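Numbering (the numbering used here), first residue to last: 18 to 181.
Here a beta-carbon is modelled for each residue, glycine too, at the ideal position from N, C-alpha and C.
For clarity, every value in this text was computed on a predicted model and none was experimentally measured.
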């Protein structure tokens with residue numbers, strides 16, 4: 018007996034693109050700084066010429082990749098969906114290479130929420146669901162939705178809170 022399970026429809030927070038963009042910019046600036054330092058060291062210590070060419074190629078690749086970042090993040094947001102029922106947690110993502118995961122509630126061992134500094138600014142949380150073998154993440158949820166979803170999943174999965 019096969020049941021029809023509806024596709025997940027719930028979306029991430031509208032602020033997720035801003036948070037992802039800030040993370041991308043910060044990591045790219047740090048990466049460009051490190052590559053710039055290596056380029057400086059290459060010229061200062063007269064390393065082989067091909068090393069400088071490789072570093073300049075990496076810098077160029079990073080700059081080109083940065084120009085496509087807003088487009089990539091918009092597509093990531095558009096194609097990220099999740100859904101919760103009493104039987105399954107469904108996660109769907111990906112534009113070109115789609116990934117649709119169905120996690121049985123009976124396999125979930127723990128549910129937690131996390132918040133980084135950029136997420137704190139927009140009151141977003143990352144929800145992590147652990148099974149025996151893997152960790153699944155819903156990347157950016159509003160505070161109230163994250164708290165409600167955590168309680169809902171924990172209730173469906175019969176996850177007990179530990180005493181501190």
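Next item on the list: Over the uninterrupted beta strand (DSSP E) stretch that includes residue 142, give me the two end residues.
Entry: Taking the chain shown and counting its residues from 1, the one referred to as residue 142 is at position 125. Start and end: 141-147.
Note to self: If contact is defined by three or more beta carbon pairs under 8 Å, each pair taking one atom from either stretch, is the segment 128-142 in contact with the segment 27-36?
What the structure shows: yes
Next item on the list: Can you check DSSP and say which residues form a bridge with residue 120?
Entry: One-based indexing of the chain shown puts residue 120 at position 103. Partner(s): 106.
Notebook entry, point to check: Is there at least one non-hydrogen atom of the ligand HEM closer than 6 Å to the beta-carbon of residue 79?
Noted result: This structure simply doesn't include the ligand HEM, nor any ligand for that matter.
Notebook entry, point to check: According to DSSP, what are the bridge partners of residue 158?
Noted result: Counting from 1 along the chain shown, the entry for residue 158 is found at position 141. Paired residues: 142.
Note to self: Quick check: residue 124 and residue 154, are their CB atoms within less than 7 Å of each other?
What the structure shows: In the chain shown, the residue the question calls residue 124 occupies position 107. In the chain shown, the residue the question calls residue 154 occupies position 137. Cβ distance not < 7 Å, so residue 124 and residue 154 don't count as in contact.
Checklist line | Among 141, 121 and 140, the one whose alpha carbon lies nearest that of residue 151 | finding: Numbered from 1 along the chain shown, position 134 holds the residue referred to as residue 151. Nearest C-alpha to residue 151: 121.
Note to self: Output needed for residue 103: all residues of its chain with C-beta closer than 7 Å, excluding positions within five of it in sequence on either side, in chain order.
What the structure shows: The residue you call residue 103 lines up with position 86 of the chain shown. Once the five neighbours on either side are set aside, the close Cβ partners of residue 103 are 122 and 173.
Item checked: Own chain residues within Cβ distance below 6 Å of residue 107, not counting five before or after -> Here residue 107 is taken as the residue at index 90 of the chain shown, counted from 1. Excluding sequence neighbours, residue 107 sits near 25, 100 and 119.
Item checked: Pairwise C-alpha distance: residue 60 and residue 71 -> On the chain shown, position 54 is the one that residue 71 refers to. On the chain shown, position 43 is the one that residue 60 refers to. Going by the C-alpha atoms only, they are around 13 Å apart.
Note to self: Just list the residues that DSSP pairs residue 153 with in beta bridges.
What the structure shows: Translated into positions along the chain shown, residue 153 becomes position 136. According to DSSP, which records beta bridges pairwise, residue 153 is partnered with 146.
Checklist line | residue 63, DSSP secondary structure in three states | finding: Taking the first residue of the chain shown as position 1, residue 63 is located at position 46. Reduced to three states, the DSSP call for residue 63 is coil.
Note to self: Going by beta-carbon coordinates alone, are residue 130 and residue 139 separated by less than 7 Å?
What the structure shows: As a working note, residue 130 is residue 113 in the chain shown. As a working note, residue 139 is residue 122 in the chain shown. Against a cut-off of 7 Å, the Cβ pair of residue 139 and residue 130 comes out as no contact.
Next item on the list: For the segment 47-97, list the alpha helix (DSSP H) runs that are entirely contained and at least 4 residues long, ordered along the chain.
Entry: 66-96
Checklist line | Assigned exposure category for residue 42 - 16 Cβ within 10 Å defines buried | finding: What you label residue 42 is simply residue 25 of the chain shown in a count that begins at 1. With fewer than 16 Cβ atoms within 10 Å of its Cβ, residue 42 is classed as exposed.
Margin query: For residue 30 and residue 112, which I take to be in contact (beta-carbon distance under 8 Å), what is that distance rounded to the nearest angstrom?
Written below: Working through the chain shown from its first residue, we reach residue 30 at position 13. Working through the chain shown from its first residue, we reach residue 112 at position 95. Residue 30 to residue 112, Cβ: 19 Å. No contact.
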